[in-house]
Amino acid sequence: MQCYVLSFKQEGLADFRGSETGSDEICSQSGNAHKAKNLRRGVIDVQKFIRKGERGFVVFAGDVTPIEVMCHLPAVCEEKDIPYCYVPSKEELGTALDVKRTVCCVLVKESDDYKEHYDECFKQVKSLPPPI
1 MQCYVLSFKQ EGLADFRGSE TGSDEICSQS GNAHKAKNLR RGVIDVQKFI RKGERGFVVF
61 AGDVTPIEVM CHLPAVCEEK DIPYCYVPSK EELGTALDVK RTVCCVLVKE SDDYKEHYDE
121 CFKQVKSLPP PI
């Protein structure tokens with residue numbers, strides 16, 4: 001099973017690195033996405049906007065308890081053909097988004113402000129093997 005570690009840079013970027021390969025890097029320009037209102041965070045918002053047809057990629061926290069809160073969302077993402085990945089901690093995900101609270105899941109939407117970076121991240125998330 002692959003585990004993704006969240007690291008931070010000064011520019012407000014969050015890099016998700018695959019610990020098995022070391023070269024797989026799933027980037028999320030979360031600081032800019034958060035400021036540009038191109039980010040949906042939390043189980044209710046992510047589910048609502050995925051079902052309304054919004055596109056992007058989803059990042060889930062791996063330490064959500066109880067897991068029943070969000071265990072249906074990967075199936076919804078697969079149904080709508082939306083790529084997703086996991087990070088180990090909801091605290092790290094919240095910190096990457098520059099919020100004081102923890103975040104269970106995030107839908108990162110496409111924007112013209114960071115299109116080039118988003119496309120790279122989207123391809124990397126899409127190329128990950130499915131979680132076991």
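If you count the sequence shown from 1, position 127 lands on 127 in the UniProt record's numbering, and the numbers rise without skipping.
Ideal Cβ placement from N, Cα and C applies to all residues, glycine included.
Here the structure is a predicted model, which means the values were calculated and not measured.
Asked	Found
DSSP state of Leu93 mapped onto helix, strand, coil	helix
Identity of the residue in Phe49, Leu128, Thr95 nearest Leu73 by Cα	Phe49
Identity of the residue in Ile82, Lys100, Pro83, Asp81 nearest Lys90 by Cα	Lys100
Close-in-space but distant-in-sequence residues of the same chain around Phe122 (CB under 6 Å, 5 per side omitted)	Phe57
Residue nearest to Cys71 in terms of C-alpha spacing, selected from Gly94, Val43, Pro83	Val43
6 Å CB neighbourhood of Arg41 in its chain, flanking five on each side removed	Val103, Val106
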